[in-house]
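Asks:
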Amino acid sequence: MRTSVIVATVLLSVAACTGAGSNPQEDSAIPREDFVQAYYQLRVEGLRSPEMEISLEARNRILEDLGVTEDDLLNFAEVWGSDGEVMQEIWQEVDSLMREARRERAEDPSIEGYEPRRADTVPRGVGR
Numbered sequence: 177m178r179t180s181v182i183v184a185t186v187l188l189s190v191a192a193c194t195g196a197g198s199n200p201q202e203d204s205a206i207p208r209e210d211f212v213q214a215y216y217q218l219r220v221e222g223l224r225s226p227e228m229e230i231s232l233e234a235r236n237r238i239l240e241d242l243g244v245t246e247d248d249l250l251n252f253a254e255v256w257g258s259d260g261e262v263m264q265e266i267w268q269e270v271d272s273l274m275r276e277a278r279r280e281r282a283e284d285p286s287i288e289g290y291e292p293r294r295a296d297t298v299p300r301g302v303g304r
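This is the structure in structure tokens:
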């Protein structure tokens, strides 16, 4: 069985739109920072995969490294999913992390996935 970033996105989107839950209690959910880091790393792993899916092994490794479980993520979504403002801020944080990682890859050839900017490349075979 494979877990997909798309499934996680759908689950969280549905939770955000249902209006389920009232008065989220921070004590019953993992810290926001842990959720953001987990979602970010799962998303990065999914983007690296040719099928845009995360293997169960990769998902488990990422969650174990972060010290969170699938249930922790689902509980966070249940607690905070109906708070559109909080969820929007979380997606913005994840997006910021993604943009920062792209910027770092564009600037540092030692980072896996380095992509030189067009100005840094020398066209070959062009000209007279």
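Going from the sequence shown to the numbering used here is simple: count from 1 and add 176.
Every residue gets a Cβ at the ideal spot worked out from N, C-alpha and C, and that includes glycine.
Treat the numbers as computed from the prediction; the structure is a model and nothing was measured.
With DSSP run on the structure shown, which of helix, strand or coil describes Ser-272?
Replies: helix
Asks: Between Arg-219 and Val-262, which are expected to be in contact by the criterion C-beta below 8 Å, what is the C-beta distance as a whole number of angstroms?
Replies: About 18 Å separates the two Cβ atoms, so there is no contact after all.
Asks: Is Glu-229 helix, strand or coil by DSSP?
Replies: strand
Asks: Indicate the three-state DSSP secondary structure (helix, strand or coil) for Gly-260 in the structure shown.
Replies: Look at Gly-260 here: in three-state DSSP terms it is helix.
Asks: Check this for me: beta carbons of Val-255 and Ile-206, under 7 Å apart or not?
Replies: no
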